[in-house]
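Be aware that the sequence shown starts at 11, since it is given in the working numbering, and climbs by one per residue. In this text, a Cβ means the ideal position worked out from N, Cα and C, and glycines have one as well.
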Amino acid sequence: MPSIEPKSLSTVQLACTRTTQPPFLTLPRINMSLLRITSLACLALLLGACQSLFTPNMRTPLQVQRDASELIKPGCTTVDCPLVNVDTVHFPDEPRLDAIVQKTLLQLTVGETSASAPPSVKAYQEQFLSQAQGRNASYLQAKVREQHDGIVVVELSSYLDNGGAQGNPGRAFINYSRQQQKVLTLADMIIPGKESEFWQKAQLAHQSWLASTKMNENSEFIKTWPFKRTPHIALTYGAVILKYPVETIAP
Numbered sequence: 011m012p013s014i015e016p017k018s019l020s021t022v023q024l025a026c027t028r029t030t031q032p033p034f035l036t037l038p039r040i041n042m043s044l045l046r047i048t049s050l051a052c053l054a055l056l057l058g059a060c061q062s063l064f065t066p067n068m069r070t071p072l073q074v075q076r077d078a079s080e081l082i083k084p085g086c087t088t089v090d091c092p093l094v095n096v097d098t099v100h101f102p103d104e105p106r107l108d109a110i111v112q113k114t115l116l117q118l119t120v121g122e123t124s125a126s127a128p129p130s131v132k133a134y135q136e137q138f139l140s141q142a143q144g145r146n147a148s149y150l151q152a153k154v155r156e157q158h159d160g161i162v163v164v165e166l167s168s169y170l171d172n173g174g175a176q177g178n179p180g181r182a183f184i185n186y187s188r189q190q191q192k193v194l195t196l197a198d199m200i201i202p203g204k205e206s207e208f209w210q211k212a213q214l215a216h217q218s219w220l221a222s223t224k225m226n227e228n229s230e231f232i233k234t235w236p237f238k239r240t241p242h243i244a245l246t247y248g249a250v251i252l253k254y255p256v257e258t259i260a261p
C-alpha cells in the first residue's frame, strides 16, 4: 500500500523537510531538535488534569487487528485503474473504540462538506468505484500511534487522488480513554481555565519553527500565514502533538 503521507503533510519529527509548511508542532519533548518549549514545568501544570486520565491498571495495550484491502474498479484493464485502498485497525476487546475509528475514517471521505459520510467501508468502496474515472484513487488509513496509561491514540489519514497534479489529504486524531470509555477533547486534557495558556505554548512552538526556517524574517509570510489553532491534537506519552491541514499556517 502506498504510504498516506503526502509531501505537504510529511511527518518529520520536530522539523520540516520543506521551507514552509510545518507538518506538526510538538509540545514539548525532551531532546527536541528544533521546536522547544522553554518551560516544561509550565506545560506540566497545564496538562496536570491528564494525570486523572491515566489509569495504572490499564497499562496492558489493547489487542489490535489490522484490516487492509484494495479494490480496483470492476472491468478496468488499463494501467491506472481507479481504486480504493483501505488500511484500518480493529479493537475486538473495545467495540466502542472500534466503531468510533471506523466512523471517523469514513468521515474523512467527505471532509468538511455537508455531505453525509458513507455507512460502511464497503458502501464507500462501491460508491467511489462506481463514479471514479481515469486514475482516480482513494486511500484511507487508521493506525495506532501509541498506547499508554489507558489512553489509545489513533491517527487517521486520507488521500484522494482525482488525477490532478495534487491530491486532497485529510487528517484526524482520536485520543480514547479506556477508563472513561470516550474520546478525549482538549478540555478533558487541560486544567479548567488553562486553555489560553496551552495555545500560547503552541504559538511559541510555531514561532520557534519560524525562526529555525528564517521565515520570521519574511513579513509577507508572517502576515499571510499567521498562527492558528487546530483540532488535530494527539496526547502522546511525554508530548502533545498538533497537526495542520495543508495551507493552514503555511502554503
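For this session: Give the C-beta separation of residue 117 and residue 127 to the nearest angstrom, bearing in mind that I take them to be a contact with Cβ-Cβ under 8 Å.
Result: In the sequence shown, residue 117 corresponds to position 107, counting from 1. In the sequence shown, residue 127 corresponds to position 117, counting from 1. At roughly 5 Å, the Cβ-Cβ gap stays under 8 Å, so residue 117 and residue 127 are in contact.
Exercise. Going by other Cβ atoms of all chains shown within 10 Å of its Cβ, with 16 needed for buried, is residue 69 buried or exposed?
Worked result: Taking the first residue of the sequence shown as position 1, residue 69 is located at position 59. Counting of Cβ neighbours within 10 angstroms places residue 69 among the exposed residues, the total staying below 16.
Exercise. Between which two residues does the beta strand (DSSP E) carrying residue 147 extend?
Worked result: Numbered from its first residue, the sequence shown carries residue 147 at position 137. 147-158 is the extent of the beta strand (DSSP E) around residue 147.
Exercise. Pick from 243, 225, 241, 242: whose alpha carbon is nearest that of residue 235?
Worked result: Counted from its first residue, the sequence shown places residue 235 at position 225. For residue 235, the closest C-alpha among the options 243, 225, 241, 242 is that of 225.
Problem set entry | Endpoints, alpha helix (DSSP H) assigned at residue 1 | Any answer about residue 1 is impossible in this case: the structure gives the chain only from 11 up to 261.
Exercise. Would you say residue 186 and residue 168 are within 8 Å of each other, going by their C-beta atoms?
Worked result: In the sequence shown, residue 186 corresponds to position 176, counting from 1. In the sequence shown, residue 168 corresponds to position 158, counting from 1. For residue 186 and residue 168, no; Cβs fall outside 8 Å.
Problem set entry | Buried or exposed by the 16-neighbour rule on C-beta atoms within 10 Å, applied to residue 203 | Here residue 203 refers to the residue found at position 193 of the sequence shown. Exposed, by the Cβ-count rule.
Problem set entry | Bounding residues of the beta strand (DSSP E) (the contiguous stretch that carries residue 230) | By one-based count along the sequence shown, residue 230 stands at place 220. Per DSSP, residue 230 is not a residue of any beta strand (DSSP E); the alpha helix (DSSP H) it occupies stretches across 229-234.
Exercise. From residue 103 to residue 190, what distance separates their C-alpha atoms?
Worked result: Indexing the sequence shown from 1 puts residue 103 at position 93. Indexing the sequence shown from 1 puts residue 190 at position 180. Rounded to whole angstroms, the separation of the alpha carbons of residue 190 and residue 103 is 15 Å.
Exercise. By Cβ distance, which residues of its chain are closer than 8 Å to residue 161, with the 5 residues on each side in sequence left out?
Worked result: Start at 1 with the first residue of the sequence shown, and residue 161 comes out as number 151. Only 63, 64, 185, 186, 187, 188, 194, 245 meet the Cβ criterion.
For this session: State buried or exposed for residue 247, treating a residue as buried only when at least 16 other CB atoms are found within 10 Å of its CB.
Result: Counted from its first residue, the sequence shown places residue 247 at position 237. Counting every other CB atom within 10 Å of its CB across the protein chains shown gives residue 247 a total below 16, marking it as exposed.
Exercise. What's the call for residue 261, buried or exposed, on a 16-neighbour Cβ count within 10 Å?
Worked result: Sequence index remark: in the sequence shown, residue 261 carries index 251 (1-based). When all chains shown are included, residue 261 counts as exposed.
Exercise. Taking the Cβ atom as the reference point for each residue, do residue 216 and residue 243 lie within a distance shorter than 8 Å?
Worked result: Translated into positions along the sequence shown, residue 216 becomes position 206. Translated into positions along the sequence shown, residue 243 becomes position 233. Cβ distance not < 8 Å, so residue 216 and residue 243 don't count as in contact.
For this session: Give me the Cα-Cα distance between residue 85 and residue 92, rounded to the nearest whole angstrom.
Result: For the purposes of this step, residue 85 is taken as the residue at position 75 of the sequence shown. For the purposes of this step, residue 92 is taken as the residue at position 82 of the sequence shown. Distance between the alpha carbons of residue 85 and residue 92: 11 Å.
Problem set entry | Assigned exposure category for residue 97 - 16 Cβ within 10 Å defines buried | For the purposes of this step, residue 97 is identified with residue 87 of the sequence shown, where counting begins at 1. Of the residues assessed, residue 97 falls on the buried side of the cut-off, its CB having 16 or more other CB atoms within 10 angstroms.
Problem set entry | Boundaries (first-last residue) of the alpha helix (DSSP H) holding residue 239 | What you label residue 239 is simply residue 229 of the sequence shown in a count that begins at 1. Element bounds for residue 239: n/a, residue is neither H nor E.
For this session: Go ahead and pull the three-state DSSP assignment for residue 124.
Result: For this step, residue 124 is matched to residue 114 along the sequence shown. Looking at residue 124 - three-state DSSP - the assignment turns out to be coil, as it is neither helix nor strand.
Problem set entry | Spatial distance of residue 90 from residue 154 (CA atoms) | Against the sequence shown, residue 90 aligns to sequence position 80. Against the sequence shown, residue 154 aligns to sequence position 144. Residue 154 has its alpha-carbon roughly 30 Å from the corresponding atom of residue 90.
Exercise. How long is the line joining the alpha carbons of residue 120 and residue 232, rounded to whole angstroms?
Worked result: For the purposes of this step, residue 120 is taken as residue 110 along the sequence shown, with counting starting at 1. For the purposes of this step, residue 232 is taken as residue 222 along the sequence shown, with counting starting at 1. Just so you know, the alpha carbons of residue 120 and residue 232 end up roughly 31 Å apart.
For this session: Give the secondary structure of residue 252 by DSSP, where H, G and I count as helix, E and B as strand, and everything else as coil.
Result: In the sequence shown, the residue the question calls residue 252 occupies position 242. Reduced to three states, the DSSP call for residue 252 is strand.
Exercise. Out of curiosity, what's the CA-to-CA distance linking residue 138 and residue 176?
Worked result: For the purposes of this step, residue 138 is taken as the residue at position 128 of the sequence shown. For the purposes of this step, residue 176 is taken as the residue at position 166 of the sequence shown. The straight-line gap separating the alpha-carbon atoms of residue 138 and residue 176 is approximately 19 Å.
Exercise. For the candidate residues 208, 218, 182, 220, whose alpha-carbon lies nearest to that of residue 241?
Worked result: As a first step, residue 241 is located in the sequence shown; it is residue number 231 there, counting from the start. The shortest C-alpha separation from residue 241 is found at 182.
Exercise. When we look at the beta-carbon of residue 223 and count the other beta-carbons within 10 Å, is it buried (16 or more) or exposed?
Worked result: Here the question's residue 223 lines up with position 213 in the sequence shown. By the beta-carbon neighbour count (other beta carbons within 10 angstroms, threshold 16), residue 223 is buried.
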